[in-house]
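K.L.:
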Amino acid sequence: MNESQPVNYLVVGMHTVIPLQLRDHVQGADNNPLLIFPEGTCVNNHYTVMFKKGAIELGCTVCPIAIKYNKIFVDAFWNNRQAMIGNLE
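Put into structure tokens, the structure is as follows:
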């Protein structure tokens, strides 16, 4: 896994396959480090939300970091509601 691979949970059965793939990856000695957003989503840099259990159930060493984006360059916060309204207009 040298590139980021977005996860599409809409595919039937992926909720059981993804945890197994994550576990296999973190247990592999030659694999690259794995970056997980434990909230399962982006937030707006003002607060955090409850973590999903999958990140914790891996049982591996965790190195917490915070990423704060500068909106001058990119706005990493994706507002689904705003995107949907924009598409409907």
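Counting in the UniProt record's numbering, the sequence shown runs from 1 upward without gaps. For every residue, glycine included, the Cβ atom is placed at its ideal position computed from N, Cα and C. Computed from a predicted model, the values in this text were never measured in an experiment.
Counting only runs of 3+ residues fully inside the UniProt domain "Phospholipid/glycerol acyltransferase" (28–68), write out the beta strand (DSSP E) ranges in chain order.
P.N.:
none
K.L.:
If you reduce the DSSP assignment to three classes, tell me which class I18 lands in.
P.N.:
helix
K.L.:
Out of T48, P33, Y69, which has the shortest C-alpha to C-alpha gap to V62?
P.N.:
P33
K.L.:
Quick check: the Cα distance between D24 and N31, rounded to an integer number of angstroms?
P.N.:
10 angstroms
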